[in-house]
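From first to last, the protein sequence lines stand for chains A and B.
Residues 1 to 324 in the working numbering are what the first sequence lists, from first letter to last.
Residues 325 to 648 in the working numbering are what the second sequence lists, from first letter to last.
Just so you know, even glycine gets a beta-carbon here, dropped at the ideal spot from N, CA and C.
Model, not experiment: these values are computed from the prediction.
Protein chains: 2
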Amino acid sequence: MVKLIKKIQTFAHQFSLWQEGSKIVVGVSGGPDSVCLLDILASLSKKKKFQLLVVHINYGLRGVDSDKDEVFVRKLAQIYNLKLEVLDAKKESQRKPTESFLRELRYDFFEKIRKENKFDLTAVAHNQDDQAETMLMRLIRGSGLLGLGSIRPKNNRIVRPLLDTSRREIMAYLKNKNLKYRLDKTNKESKYLRNKIRNKLIPLLEKEYNPILRKTLANSAGNLANDHDFILKSANKFLEKADFDKEKNAYFFEDKKFLKNHPALQKQILRKIIFNLKKNLLNIESAHLEEIIKIIKSDKNKSQQMKLKGLKINKKGDIIHMSY
Amino acid sequence: MVKLIKKIQTFAHQFSLWQEGSKIVVGVSGGPDSVCLLDILASLSKKKKFQLLVVHINYGLRGVDSDKDEVFVRKLAQIYNLKLEVLDAKKESQRKPTESFLRELRYDFFEKIRKENKFDLTAVAHNQDDQAETMLMRLIRGSGLLGLGSIRPKNNRIVRPLLDTSRREIMAYLKNKNLKYRLDKTNKESKYLRNKIRNKLIPLLEKEYNPILRKTLANSAGNLANDHDFILKSANKFLEKADFDKEKNAYFFEDKKFLKNHPALQKQILRKIIFNLKKNLLNIESAHLEEIIKIIKSDKNKSQQMKLKGLKINKKGDIIHMSY
Numbered sequence: 001m002v003k004l005i006k007k008i009q010t011f012a013h014q015f016s017l018w019q020e021g022s023k024i025v026v027g028v029s030g031g032p033d034s035v036c037l038l039d040i041l042a043s044l045s046k047k048k049k050f051q052l053l054v055v056h057i058n059y060g061l062r063g064v065d066s067d068k069d070e071v072f073v074r075k076l077a078q079i080y081n082l083k084l085e086v087l088d089a090k091k092e093s094q095r096k097p098t099e100s101f102l103r104e105l106r107y108d109f110f111e112k113i114r115k116e117n118k119f120d121l122t123a124v125a126h127n128q129d130d131q132a133e134t135m136l137m138r139l140i141r142g143s144g145l146l147g148l149g150s151i152r153p154k155n156n157r158i159v160r161p162l163l164d165t166s167r168r169e170i171m172a173y174l175k176n177k178n179l180k181y182r183l184d185k186t187n188k189e190s191k192y193l194r195n196k197i198r199n200k201l202i203p204l205l206e207k208e209y210n211p212i213l214r215k216t217l218a219n220s221a222g223n224l225a226n227d228h229d230f231i232l233k234s235a236n237k238f239l240e241k242a243d244f245d246k247e248k249n250a251y252f253f254e255d256k257k258f259l260k261n262h263p264a265l266q267k268q269i270l271r272k273i274i275f276n277l278k279k280n281l282l283n284i285e286s287a288h289l290e291e292i293i294k295i296i297k298s299d300k301n302k303s304q305q306m307k308l309k310g311l312k313i314n315k316k317g318d319i320i321h322m323s324y
Numbered sequence: 325m326v327k328l329i330k331k332i333q334t335f336a337h338q339f340s341l342w343q344e345g346s347k348i349v350v351g352v353s354g355g356p357d358s359v360c361l362l363d364i365l366a367s368l369s370k371k372k373k374f375q376l377l378v379v380h381i382n383y384g385l386r387g388v389d390s391d392k393d394e395v396f397v398r399k400l401a402q403i404y405n406l407k408l409e410v411l412d413a414k415k416e417s418q419r420k421p422t423e424s425f426l427r428e429l430r431y432d433f434f435e436k437i438r439k440e441n442k443f444d445l446t447a448v449a450h451n452q453d454d455q456a457e458t459m460l461m462r463l464i465r466g467s468g469l470l471g472l473g474s475i476r477p478k479n480n481r482i483v484r485p486l487l488d489t490s491r492r493e494i495m496a497y498l499k500n501k502n503l504k505y506r507l508d509k510t511n512k513e514s515k516y517l518r519n520k521i522r523n524k525l526i527p528l529l530e531k532e533y534n535p536i537l538r539k540t541l542a543n544s545a546g547n548l549a550n551d552h553d554f555i556l557k558s559a560n561k562f563l564e565k566a567d568f569d570k571e572k573n574a575y576f577f578e579d580k581k582f583l584k585n586h587p588a589l590q591k592q593i594l595r596k597i598i599f600n601l602k603k604n605l606l607n608i609e610s611a612h613l614e615e616i617i618k619i620i621k622s623d624k625n626k627s628q629q630m631k632l633k634g635l636k637i638n639k640k641g642d643i644i645h646m647s648y
């Protein structure tokens, strides 16, 4: 099992996930992935002088089982002799919470604890299988480069040391070290899209089309994430030169300067502007961006405007004005 | 059915597929897609002053049926009063030809006829369903942005006016205009990967996951192709400044200048160099590019070299030398 620890060290080095002495908040649900993650970080912490802290969220979504998860994680923190922070989210998640609501709740809590404790990073247990599932799910729903790039090894303060590790490797590690974990029984029902993809589609594709599909998809996702990052950085270069009025939450830029960029870059610039204004890209599709580009291209003498998902886009003379 | 013609004109305009007076070679197999393409181009040719010429390849892969296809296309050319060129490829395709061999044979013949007749373009009948199938196939096999971008509306002299049109729209058009076509019966067997994806996987995904999957995938492929094009153009900017020795078929460039590019762009630059040297990217994987980048990054004082799929990569001092 030294093998898996070495593999994760190599991966962490490749993506500069941490340094010696990093203070790392570890998200632990009690499931196999996060139990493995915690054990590996604990194993590395002497050599690497890590400081660890465990966080757990009790969503209360699976009744008694949720409370049993919490008890399990409390014991785990004791065993590793680590400080633990638990969020009781039973109230917040009562009215049929969406996946994105729970995700926001989770990352907000992780970030709050990280800041309060002046820690450097938060580690979460996404693995290669999650990566492949996410990519397939986004492909099926329709997604561009941003979405297909899927889960990143490092995203601001969040690190994902297991992202190149398969669920099979994780299970083998746990078995070998005789580590206990909790299973989320709702995973077994093909009730939600992700579970259906995990339990039905991926096994079918691996049986009939490509036996190493998970690895293949995870590799592609990594490469696409890299490509996306390049386009995003190119878009940022343009935005550094655009005017931003903080008070009015509005961007200004010149049509000609915008239009001399490649069409793919034009779309990425608009996506970044919209994200900066709205703080999200919900329901913004490629066709919307094309509509905005039409206005930017439109005749100079006419003053043009449009509203789109709460955004206001104006063109007066050769100046574009975008606000929210 | 005017609707489909209008749609195709809009698509052709969007991607600048042709101009008034374009001389277009039309690839016709006799199947529904190419019969529809030919009819639409013929319908447009008065208004657009097109000049058309039909090409057909008899692979002889389906015995008597192949010859019946040829007879059918000969009649078709007569009906539209168009010149026809047929390639008898029975010999070339005897020993279990691969898909890529047949593709090369086809495009070489199309290009030969186009040049001989001093025509501008060759139109082929790829449609939205082909696009979705290709994307899924490449995703399953493992592919980066280049492959996932899949089939382009325009690629040098090749144009694909039906790429945004679904097979269903094509069939409706043919029925409405009472046009006859030939069916390739081997399509119905799930013998080859593409047919298996077409006949099994896509119907399953549309039933269980997304009813408009084909359209969704085709849209994503279009956006990814656009993103890829941007990265490729950025790579070309670097290559314009690199030294190329035509006689030795070798590239030279400075390590520092290469390494200051984004990692995604570094890979694209290497892909373009390899393509320019080898004339193809067969069996070149992302991991190979990473190995080359390692050499480029390696210590200045050591002279380094490697061989990879017939390529020679040398580093002496701060100069990289790549040849084939």
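**Asked** What does a CB cutoff of less than 8 Å around Asp310/A pick up in its chain, not counting 5 residues either side in sequence?
**Response** Correcting the residue type first, residue 310/A is Gly in the shown sequence and not Asp. Excluding sequence neighbours, Gly310/A sits near Lys278, Tyr324.
**Item:** Alpha-carbon to alpha-carbon, Lys200/A and Leu213/A
**Value:** Straight-line spacing of the CA atoms in Leu213/A and Lys200/A works out to 13 Å.
**Message:** Extract the residue ranges of the alpha helix (DSSP H) inside the region 193-273 of chain A, only unbroken runs of 4 or more that lie entirely within it.
**Reply:** Complete alpha helix (DSSP H) runs here, min 4: 193-196, 202-208, 213-241, 255-259.
**Item:** Close Cβ partners of Leu205/A (< 6 Å) along its chain, the five nearest in sequence each way excluded
**Value:** Correct list, in chain order: Leu213.
**Asked** Relative to chain B, which residues along the region 261-282 of chain A have a C-beta separation below 7 Å, given in chain order?
**Response** Answer set for the region 261-282 of chain A: His262, Pro263, Ala264, Leu265.
**Exposed unless 16 or more other CB atoms sit within 10 angstroms - verdict on Phe253/A** = Buried, by the Cβ-count rule.
**Item:** Under 8 Å from the C-beta of Leu563/B: neighbouring residues of chain A
**Value:** Residues of chain A passing the Cβ test: none, with the nearest at roughly 16 Å.
**Asked** Around the Cβ of His126/A, are there at least 16 other Cβ atoms within 10 angstroms (buried) or fewer (exposed)?
**Response** It counts as buried.
**Asked** So, is the C-beta of Thr216/A closer than 8 Å to a C-beta in chain B?
**Response** For Thr216/A, the answer is yes, since a Cβ of chain B falls inside 8 Å of its Cβ.
**Request:** With DSSP as the reference, label Leu52/A as helix, strand or coil.
**Result:** DSSP places Leu52/A in strand when its eight states are reduced to three.
**Request:** Reducing DSSP to helix, strand and coil, say where Gly471/B ends up.
**Result:** In the structure shown, Gly471/B sits in a helix (DSSP, three-state: H, G or I).
**Item:** Contact residues within the region 525-540 of chain B, judged by C-beta distance below 9 Å to chain D
**Value:** No chain D is present in this structure, whose protein chains are A and B.
**8 Å Cβ cutoff met for Ala132/A and Val159/A** = Judged by their CB atoms, Ala132/A and Val159/A are not nearer to each other than the 8 Å cut-off.
**Asked** Could one say the Cβ of Asn199/A lies closer than 8 Å to chain B's Cβ atoms, at least one of them?
**Response** The C-beta of Asn199/A comes no closer than 8 Å to any C-beta of chain B.
**Prompt:** Since Asp553/B meets chain A, which of its residues come closer than 9 Å, beta carbon to beta carbon?
**Reply:** One finds His262, Pro263, Ala264 in chain A with Cβ atoms closer than 9 Å to the Cβ of Asp553/B, taken in chain order.
**Message:** On the CB-based measure, 16 or more other CB atoms within 10 Å of its CB, does Ser622/B come out buried or exposed?
**Reply:** Answer is exposed; the Cβ neighbour count stays below 16.
**Request:** Can you have a look at Val365/A and say buried or exposed, based on whether 16 or more other CB atoms are within 10 angstroms of its CB?
**Result:** In the structure as shown, chain A begins at 1 and stops at 324. Residue 365/A is therefore absent and cannot be evaluated.
**Prompt:** Interface residues of chain A around Asn543/B at Cβ under 8 Å?
**Reply:** Within 8 Å Cβ-Cβ: Gly142, Ser286.
**Prompt:** Which term fits Lys596/B, buried or exposed, when burial requires 16 or more other beta carbons within 10 angstroms of its beta carbon?
**Reply:** By the neighbour-count criterion, in which a residue is buried when 16 or more other Cβ atoms sit within 10 angstroms of its Cβ, Lys596/B is buried.
**Message:** Quick check: the Cα distance between Leu82/A and Ile292/A, rounded to an integer number of angstroms?
**Reply:** Answer to the nearest angstrom: the Cα atoms are 52 Å apart.
**Prompt:** Where in the region 52-136 of chain A do unbroken runs of the alpha helix (DSSP H), each at least 4 residues long, occur, reported from the N-terminal end onward?
**Reply:** Runs of the alpha helix (DSSP H) inside the region 52-136 of chain A: 64-80, 99-116.
**Helix, strand or coil at Asn325/A according to DSSP, with G and I counted as helix** = Because residue 325/A is not part of the residues shown, which for chain A are 1 to 324, the question remains open.
**Asked** Is the CB of Asn479/B under 8 Å away from at least one CB in chain A?
**Response** The Cβ of Asn479/B sits no closer than 8 Å to any Cβ of chain A.
**Contacts that Lys233/A makes with chain B (C-beta to C-beta distance below 8 Å)** = Within 8 Å Cβ-Cβ: His586.
**Asked** Alpha carbon to alpha carbon, what distance is there between Asn625/B and Lys639/B?
**Response** Whole-angstrom Cα-Cα distance: 10 Å.
**Message:** Is Leu145/A close to chain B? Criterion is C-beta to C-beta, closer than 8 Å.
**Reply:** Closer than 8 Å: yes.
**Item:** Start and end residues, alpha helix (DSSP H) containing Ser29/A
**Value:** Careful: Ser29/A lies outside any alpha helix (DSSP H) and carries neither H nor E.
**Item:** Validate contact between the region 76-92 of chain A and the region 46-54 of chain A using beta carbons, cut 8 Å, 3 pairs
**Value:** Result yes; three or more Cβ-Cβ pairs closer than 8 Å.
**Request:** Taking Phe335/B as the reference, give the member of Gln452/B, Asn604/B, Leu594/B with the closest Cα.
**Result:** Nearest C-alpha to Phe335/B: Gln452/B.
**Request:** May I ask you to report which of helix, strand or coil DSSP gives Ile494/B?
**Result:** In this structure, DSSP gives Ile494/B a helical state, which the three-state scheme calls helix.
**Request:** Determine whether the Cβ of Leu224/A lies closer than 8 Å to any Cβ atom of chain B.
**Result:** Chain B, which has a Cβ nearer than 8 Å to the Cβ of Leu224/A, makes this yes.
**Item:** Length of the line joining the Cα atoms of Glu409/B and Leu487/B
**Value:** For Glu409/B and Leu487/B, the distance between alpha carbons rounds to 24 Å.
**Message:** Under 8 Å, Cβ to Cβ, is there at least one residue of chain B near Leu139/A?
**Reply:** Taking 8 Å as the CB threshold, Leu139/A lines the interface with chain B.
**Request:** Let me know the secondary structure DSSP gives Leu341/B once reduced to three states.
**Result:** Reduced to three states, the DSSP call for Leu341/B is coil.
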